[in-house]
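Participant: Residue numbers are given in the numbering used here: position 144 of the sequence shown equals residue 144, and the series is strictly consecutive. Quick reminder that beta carbons are idealized off the backbone N, C-alpha and C, glycines included.
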Amino acid sequence: MVRELVARDLRCFPLIFFNPEEAAVIREVYDNENAHDVFAEELERALDASAPVIVIEPHRLGDETARWIAVGNCLHKTAVITGIGAVASGLAWPNYPYTWTPLAAVSFFCTSLYTVAWQFDPCVKYQVFTDSKRLSNLPLFSTLSSTSPVVLVRTDDTRTKLLHCSVTLAATALAAFKLYRLFR
């Protein structure tokens with residue numbers, strides 16, 4: 001029950017529904033010269049364990065992880081927006097392939113890159129939670145040593161993958177069909 005509430009839309013359900021005992025906290029403790037490697041290994045273990053909430057205290061690791069997730073989100077959004085643009089412009093201007101062909105190509109490229117580089121990465125199941133007001137009210141966050149930890153919340157990405165693959169498939173199929181009819 002708790003896991004389902006955390007996995008839903010973060011704007012509708014506050015983060016206080018998660019069980020603090022299930023949260024994985026990567027503490028910023030520099031006890032040897034390989035501390036950054038230890039932090040990365042702890043993050044990998046937390047991702048592999050599918051923790052519903054991951055709190056990353058080390059700034060560098062949290063920043064790298066947040067950027068990696070942001071790049072994946074950007075590829076997904078670019079694929080969807082250009083795919084919708086390709087379908088819309090292909091229907092609006094069927095005799096002008098220079099309007100919809102590049103959009104379909106960009107959508108196909110972004111979906112291909114996302115599929116190859118991000119689809120099997122465990123980070124793809126997580127989103128960065130940025131509402132610091134709600135985070136500061138949680139009892140778990142009063143015990144942290146970092147003032148600005150990166151918080152990852154596990155989400156279900158099945159619909160987003162289905163959406164961007166469907167839109168890209170429709171855009172690519174429409175572009176191929178229209179180019180075939182235009183140049184035959």
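Return the bridge partner residues of F129 from the DSSP annotation.
Facilitator: V151
Participant: DSSP state of V29, grouped into three classes?
Facilitator: coil
Participant: Return yes when the Cβ of T168 is within less than 7 Å of the Cβ of F109, no when it is not.
Facilitator: Between F109 and T168, the C-beta gap is not smaller than 7 Å, which leaves the two residues out of contact.
Participant: Quick one: Cα of Y114 to Cα of A105, how far?
Facilitator: Rounded to the nearest angstrom, the two C-alpha atoms are 14 Å apart.
Participant: Closest to T172 by CA distance: which of E41, N34, I56 and A79 is it?
Facilitator: A79
Participant: So the beta strand (DSSP E) V124 belongs to, where does it begin and stop?
Facilitator: Premise fails: V124 is in no beta strand (DSSP E) and is neither H nor E.
Participant: For E57, count neighbouring C-beta atoms within 10 Å of its own C-beta (all shown protein chains included) and say buried if the count is 16 or more, exposed if not.
Facilitator: buried
Participant: Do the region 115 to 130 and the region 64 to 78 make contact, defined as three or more Cβ pairs closer than 8 Å?
Facilitator: yes
Participant: Throw me the rounded Cβ distance for the G90 and K178 pair, which I believe falls under 8 Å.
Facilitator: 6 Å
Participant: Give the secondary structure of A23 by DSSP, where H, G and I count as helix, E and B as strand, and everything else as coil.
Facilitator: coil
Participant: Whole angstroms is fine: what's the gap from V53's alpha carbon to G85's?
Facilitator: Between V53 and G85, the C-alpha separation is close to 35 Å.
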